[in-house]
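Chains as they are written, first to last, in the working numbering: chain C, 6 to 155; chain Y, 22 to 199. Where a beta carbon is used, it is the ideal one built from N, C-alpha and C, also for glycine.
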């Protein structure tokens with residue numbers, strides 16, 4: 006784990022809540038934190054470079070933008086896992102893919118322009134891999150807002 | 022973009038058609054999906070790149086924030102590098118009659134980052150409710166999951182926690198500029 010000083014922590018915690026829309030938003034946040042705008046900008050740059058932050062900017066809701074997102078899961082025998090993982094990852098619509106400890110051991114997110122494209126990609130993945138894709142689209146969202154206190 | 026901007030003969034005010042606003046919004050998404058510029062006046066810089074006044078860009082961002090297309094303009098922490106190495110997907114089989122009321126309450130817990138209702142696939146998958154829980158270790162995740170179980174009480178017929186053991190791919194969302 007990379008060490009963060011007190012200022013870094015305050016910045017990471019504050020920036021997860023959101024930057025205002027105004028002419029000088031960084032100045033506004035820097036004032037709140039009691040640091041200079043220059044310090045804030047330099048620290049954000051460094052946090053991004055060190056990959057402590059993966060991204061900084063507008064966080065979009067893909068579905069509200071007109072796309073389709075779905076969580077998919079597959080049950081892959083261990084001796085086929087690496088091959089199937091390669092085959093699945095080769096689809097550009099696969100945004101992320103995690104191995105998890107369960108009979109359903111491969112979990113990925115499909116990001117597509119439409120529901121039709123999503124269904125097509127799922128069928129293609131089934132055809133290429135020879136395994137069923139369990140479609141787990143969200144039916145209702147109760148909360149989304151990663152906030153990790155550091 | 023000049024074809025998109027016309028002046029109302031009556032009021033003299035600029036009227037942007039719905040199509041033009043949709044096109045501008047799309048260009049804003051494309052221009053910011055890699056991130057917001059790290060300069061003193063980031064919205065001015067973006068507006069300059071897109072060839073629109075900064076006030077208009079800021080107005081569009083406010084509209085997109087209000088209608089939910091943008092959730093927040095914010096930092097996404099890398100939970101692994103920040104020490105949250107245990108990433109548990111807790112999954113629950115909850116009575117359909119009370120899932121929505123309970124889902125809202127679980128979503129309100131400060132340690133739950135994402136929380137959704139999803140379809141079951143019996144017999145392989147009896148769970149209809151997902152709540153992501155992050156912790157510095159598995160014990161911390163299990164302790165948090167126990168608090169969710171307590172909140173759900175008898176409405177929950179079973180649950181499991183799936184830890185991720187490997188990231189196989191992580192590219193993030195990309196809107197294609199087509």
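Where residue i meets chain C, residues with beta-carbon distance less than 7 Å
{"i": "residue 191 of chain Y", "result": "101"}
{"i": "residue 177 of chain Y", "result": "Here the premise fails: no neighbours, minimum Cβ distance about 15 Å."}
{"i": "residue 79 of chain Y", "result": "26"}
{"i": "residue 72 of chain Y", "result": "Chain C residues near residue 72 of chain Y: none, gap ~19 Å exceeds 7 Å."}
Enclosing alpha helix (DSSP H) for residue i [first to last residue]
{"i": "residue 53 of chain Y", "result": "39-53"}
{"i": "residue 148 of chain Y", "result": "Here residue 148 of chain Y belongs to no alpha helix (DSSP H), and DSSP marks it neither H nor E."}
{"i": "residue 86 of chain C", "result": "86-94"}
{"i": "residue 88 of chain Y", "result": "75-88"}
Residue i at chain Y interface by Cβ criterion, 8 Å
{"i": "residue 129 of chain C", "result": "no"}
{"i": "residue 26 of chain C", "result": "yes"}
{"i": "residue 90 of chain C", "result": "yes"}
{"i": "residue 6 of chain C", "result": "Unreliable placement is indicated for residue 6 of chain C, whose pLDDT of 49 sits below 50; the coordinate value is still reported in the next sentence. Taking Cβ atoms only, chain Y reaches closer than 8 Å to residue 6 of chain C, which makes this a yes."}
{"i": "residue 107 of chain C", "result": "yes"}
{"i": "residue 66 of chain C", "result": "yes"}
{"i": "residue 135 of chain C", "result": "no"}
{"i": "residue 59 of chain C", "result": "yes"}
{"i": "residue 85 of chain C", "result": "no"}
{"i": "residue 115 of chain C", "result": "no"}
C-beta neighbour in chain C for residue i, strict 8 Å
{"i": "residue 180 of chain Y", "result": "no"}
{"i": "residue 98 of chain Y", "result": "yes"}
{"i": "residue 113 of chain Y", "result": "no"}
{"i": "residue 198 of chain Y", "result": "Here the model assigns residue 198 of chain Y a pLDDT of 46, short of 50, so the residue's position is not dependable, and the following value carries that caveat. Output row for residue 198 of chain Y: interface = no."}
{"i": "residue 122 of chain Y", "result": "no"}
{"i": "residue 24 of chain Y", "result": "With a pLDDT of 42 at residue 24 of chain Y, under the threshold of 50, the modelled position of this residue cannot be trusted; read the value that follows with caution. For residue 24 of chain Y, the answer is no, since every Cβ of chain C falls outside 8 Å of its Cβ."}
{"i": "residue 95 of chain Y", "result": "yes"}
{"i": "residue 140 of chain Y", "result": "yes"}
{"i": "residue 39 of chain Y", "result": "no"}
{"i": "residue 69 of chain Y", "result": "no"}
Cross-chain neighbours of residue i in chain C, by beta carbon under 9 Å
{"i": "residue 163 of chain Y", "result": "Within chain C, no residue comes near residue 163 of chain Y; the closest Cβ sits about 13 Å away, beyond 9 Å."}
Listed by chain order, chain Y residues near residue i by CB distance under 9 Å
{"i": "residue 104 of chain C", "result": "185, 186, 187, 188, 189"}
N-terminal and C-terminal residue of the beta strand (DSSP E) that residue i is part of
{"i": "residue 95 of chain Y", "result": "91-98"}
{"i": "residue 145 of chain C", "result": "145-149"}
{"i": "residue 60 of chain C", "result": "58-65"}
{"i": "residue 104 of chain C", "result": "99-105"}
{"i": "residue 184 of chain Y", "result": "177-191"}
{"i": "residue 76 of chain C", "result": "73-79"}
{"i": "residue 114 of chain C", "result": "111-117"}
Pair within 8 Å by beta-carbon distance, residue i and residue j
{"i": "residue 57 of chain Y", "j": "residue 61 of chain C", "result": "yes"}
{"i": "residue 19 of chain C", "j": "residue 38 of chain C", "result": "yes"}
{"i": "residue 51 of chain C", "j": "residue 155 of chain C", "result": "no"}
{"i": "residue 203 of chain Y", "j": "residue 108 of chain Y", "result": "Since the displayed chain Y opens at 22 and closes at 199, residue 203 of chain Y lies outside it and no answer follows."}
{"i": "residue 150 of chain Y", "j": "residue 97 of chain Y", "result": "no"}
{"i": "residue 44 of chain C", "j": "residue 92 of chain C", "result": "no"}
{"i": "residue 186 of chain Y", "j": "residue 88 of chain C", "result": "no"}
{"i": "residue 179 of chain Y", "j": "residue 114 of chain Y", "result": "yes"}
{"i": "residue 80 of chain C", "j": "residue 108 of chain C", "result": "yes"}
{"i": "residue 64 of chain C", "j": "residue 47 of chain Y", "result": "no"}
Residue i: contacting residues in chain Y (beta-carbon distance under 8 Å)
{"i": "residue 123 of chain C", "result": "Correct list: empty, because the minimum Cβ distance to chain Y is about 14 Å."}
{"i": "residue 42 of chain C", "result": "61"}
{"i": "residue 80 of chain C", "result": "145"}
Cross-chain neighbours of residue i in chain C, by beta carbon under 8 Å
{"i": "residue 158 of chain Y", "result": "What residue 158 of chain Y touches in chain C: nothing, since even the nearest Cβ is about 12 Å away."}
{"i": "residue 42 of chain Y", "result": "Those do not exist, as residue 42 of chain Y stays about 14 Å from chain C at its closest Cβ, beyond 8 Å."}
{"i": "residue 57 of chain Y", "result": "24, 61, 62, 63"}
Under 7 Å from the C-beta of residue i: neighbouring residues of chain A
{"i": "residue 56 of chain C", "result": "No chain A is part of this structure, whose protein chains are labelled C and Y."}
Exercise. What are the complete beta strand (DSSP E) segments, minimum 3 residues, inside the stretch 103-136 of chain Y?
Worked result: Entirely contained in the stretch 103-136 of chain Y, the beta strand (DSSP E) runs reaching 3 residues are, in chain order, 107-115.
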